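Quick note on numbering: our numbering labels position 15 of the sequence shown as 48, and the sequence is numbered without any gaps. Here's the structure, in structure tokens; my notes come after.
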Amino acid sequence: MNHLCDISDEEFVPFLHSLGVETYNKSFEWMLNDPNFAEVLKWLYMNLDHNNALSAREECRYIELEKKKCLLTSDELEASISSIQEQFGGLCLPGDQDAVEDVKMDIIMQKEQLAMLEKHEAIVNDLIKQNQVIKEELDVELTKLSASQRQLAEEESSTGEQCLALAKEVDGIMDNVIDVIADSLNLCGNSCTDKEIASKFFTFGPFEAYRQSQALFLSHFDLYISKRFGKKQNDKVTDQDIRTAITEAKNMEERLSDAVCAYISTKAELCGEQAKLVLVTNYNNVHPSQISVCAMEAQSAVEILDQEESILDQQLQDAVKHFVSSRTNLAVETAARAALNIREKVHNDLTFLLETTHQALALDKLLYCALRNELRSIEELLHFASHLRQYVMSENEAVCSRIESMNEICAEQDIAEQKLQTLDILQNTLYSIFGVEPSNDPTLLVRLHSELQNRIRELNDNVADGFNKKEMALVTYKQSSKPLKDYIWDGCTKQPNCYNRTVTSMTHELIQEMDKVDRRVLDASGQFTSVKNGDKQNLRKIWQWFLTDQGKLLSFMKSVQSRNYQ
34 MNHLCDISDE
44 EFVPFLHSLG
54 VETYNKSFEW
64 MLNDPNFAEV
74 LKWLYMNLDH
84 NNALSAREEC
94 RYIELEKKKC
104 LLTSDELEAS
114 ISSIQEQFGG
124 LCLPGDQDAV
134 EDVKMDIIMQ
144 KEQLAMLEKH
154 EAIVNDLIKQ
164 NQVIKEELDV
174 ELTKLSASQR
184 QLAEEESSTG
194 EQCLALAKEV
204 DGIMDNVIDV
214 IADSLNLCGN
224 SCTDKEIASK
234 FFTFGPFEAY
244 RQSQALFLSH
254 FDLYISKRFG
264 KKQNDKVTDQ
274 DIRTAITEAK
284 NMEERLSDAV
294 CAYISTKAEL
304 CGEQAKLVLV
314 TNYNNVHPSQ
324 ISVCAMEAQS
334 AVEILDQEES
344 ILDQQLQDAV
354 KHFVSSRTNL
364 AVETAARAAL
374 NIREKVHNDL
384 TFLLETTHQA
394 LALDKLLYCA
404 LRNELRSIEE
414 LLHFASHLRQ
424 YVMSENEAVC
434 SRIESMNEIC
444 AEQDIAEQKL
454 QTLDILQNTL
464 YSIFGVEPSN
474 DPTLLVRLHS
484 ELQNRIRELN
494 DNVADGFNKK
504 EMALVTYKQS
514 SKPLKDYIWD
524 GCTKQPNCYN
534 RTVTSMTHEL
544 IQEMDKVDRR
554 VLDASGQFTS
564 VKNGDKQNLR
574 KIWQWFLTDQ
584 GKLLSFMKSV
594 QSRNYQ
């Protein structure tokens, strides 16, 4: 018998709510597990959705169209719907919840874009303000530079005038000194013939005035030279001064170039943002002529739609009538086929039940005969027990001697256990873990441990190879399933293709497989917990310590050995 065990109330009740059916908080598990209803309910669940149900307003409209005989055929209805959808992109059909959700999502995205544009406009305004502030700062800096340049030009002109005045003054002083020297030479030349005048000249001559004039000349000449040629001498003092001046000039050039580049980039960005803002402003503020043209186009489109409305209503009525009649006939035929299949299954089940009843009667007879034979065997067993009791009573002495021999055997066993306790428990435990007989060979455990490490490495390599093969298989599976994924997840919204019945069934089967996997994972975790709780003597920990931490295993074995000695 076929039970619909893979559908529960959690899936079936929302399906009924989507069809507009009131469930009154009732459970449908018994119907889903009943073979008389299971197939029908499964067909309804797999082939119907909320798009097939008509609302109250749609039913009234359908009745009116049917009275007016304006119903369209299925082909005409599909053609008209496709033409409307092609003419008006993004139009939602009545009852198409997925398309409505897509339109709502588009509206939300448009609102987000509008918010982003507003943020963008705020950022542009901030950049404009920042650019204005930077421009004002640059104007202030340029004003300062021009003022300093003018001040340097004025200082240079005043310094040049001072140098010229000093040069003229020095020239005058030099002329006076030359005249004094010429007069002195003339006087000296005239006094060469007269010894008295010559002695008086050398004794009372104007040498002191000459020395003062010479010192004044030297001081003015040094001042003139320092003012006239001081800058050139300072520029040509050393190479280090020249390198310093070049470095300062390069630094100034880099700062000026960076400032100019920053200004140009901010100016370009500001121009781009202003252009975008102008586009947004022109888009929001449409010209009145464009509004009138759009209004005329909209009015003509409305008139055309009014003319086509009656034709579309008639075609829609005919199509809906034909569609409903075909769906009604299909539902009647499906219900009849389902009822016939259910009756055939009930007949087959009754036939199977009759055969099973006959087999049960024959089995009952066999059980009755077997029970009688068992009762006879029990009676014979009781007789044998009575005879055995009499035999035991007669053989009491032999039994006592047997008990004494068993006690001796137990004493020997205790002695053997004491000898075993004196042995090395850790070594014996390791032999038992490796599954070999104890031996006096000291290298046996080392070989066994090395073999175990080699097996562990081989297992790790096998696991790594298996993991790589799984990854390659996963890549191959992804490449092979890419067309199917593109077929299922299509459209601009990247949502599952809900209009395809095959995709819907595949999605439902995928959900069922995921539920089965979840149940298997829960069963595996429960089994792991039961195994972990059933390990009362912590044998798993001993094995884990043996593989990972031999120190803990040694301490544990020593503690067990000390408890045995106590």
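In this text, a Cβ means the ideal position worked out from N, Cα and C, and glycines have one as well. These figures come from a predicted structure and were not determined experimentally.
Query                                                                                                                                       : Result
I think Gln118 touches Leu124, with their Cβ atoms under 8 Å apart; what is that distance to the nearest whole Å?                           : 6 Å
For Leu104, does the three-state DSSP call read helix, strand or coil?                                                                      : strand
What three-state label does DSSP hand Gly122 in the structure shown?                                                                        : coil
For Leu65 and Phe45, which I take to be in contact (beta-carbon distance under 8 Å), what is that distance rounded to the nearest angstrom? : 7 Å
So, Ala371 versus Val73, is the Cβ gap smaller than 7 Å?                                                                                    : yes
Could you give the distance in angstroms between the alpha-carbon of Ser472 and the alpha-carbon of Leu507?                                 : 50 Å
Can the beta-carbon of Leu477 be found less than 7 Å from the beta-carbon of Leu463?                                                        : no
To the nearest angstrom, how far is it from the Cα of Ser670 to the Cα of Asp551?                                                           : Since the first residue shown for the chain is 34 and the last is 599, residue 670 is missing from the structure and cannot be characterised.
Can you look up Gly468 in the DSSP assignment and give me helix, strand or coil?                                                            : coil
Just curious, the alpha helix (DSSP H) that Leu65 is in, first and last residue?                                                            : Glu62 to Leu65
Does Ala71 pass the burial test, meaning 16 or more other C-beta atoms within 10 Å, or should it be called exposed?                         : buried
Exposed or buried, what is Ile436 when buried is set at 16 or more other beta-carbons lying within 10 Å of its beta-carbon?                 : exposed
Could you pull the start and end residues of the alpha helix (DSSP H) that Asp42 belongs to?                                                : Asp42 to Ser51
Between Leu98 and Leu104, is the Cβ-Cβ spacing less than 7 Å?                                                                               : yes
So, with DSSP's three-state summary, where would you put Thr56?                                                                             : coil
By the 10 Å Cβ neighbour count, where 16 or more other Cβ atoms means buried, how is Leu110 classified, buried or exposed?                  : buried
Quick check: Asp42 and Gln545, are their CB atoms within less than 7 Å of each other?                                                       : no
Please classify Asn566: does DSSP put it in a helix, a strand, or coil?                                                                     : helix
Roughly how many angstroms separate the alpha carbons of Glu412 and Met426, rounded to a whole number?                                      : 22 Å
What do you reckon, is the C-beta of Ile156 under 6 Å from a heavy atom of the ligand MN?                                                   : Judged by which ligands are present, the structure shown has none, so any question about the ligand MN falls away.
Is it the case that the Cβ atoms of Ile375 and Asn58 are separated by a distance below 7 Å?                                                 : no
Kindly indicate which three-state DSSP category Glu428 falls into: helix, strand or coil?                                                   : coil
Considering only their Cβ atoms, is the gap separating Leu481 from Phe467 smaller than 7 Å?                                                 : yes
Helix, strand or coil for Asp551, going by three-state DSSP, please let me know.                                                            : helix
DSSP state of Asp172, grouped into three classes?                                                                                           : helix
Note down the Cα distance separating Asp659 from Ala403, rounded to an integer number of angstroms.                                         : Nothing about residue 659 can be read from this structure; the chain reaches only from 34 to 599.
Three-state secondary structure (DSSP) at Asn597?                                                                                           : Residue placement at Asn597 cannot be trusted, given a pLDDT of 49 that sits under 50; what the coordinates show is reported in the next sentence. DSSP places Asn597 in helix when its eight states are reduced to three.
Output the distance between the C-alpha atoms of Ser113 and Ile96, rounded to the nearest integer angstrom.                                 : 20 Å
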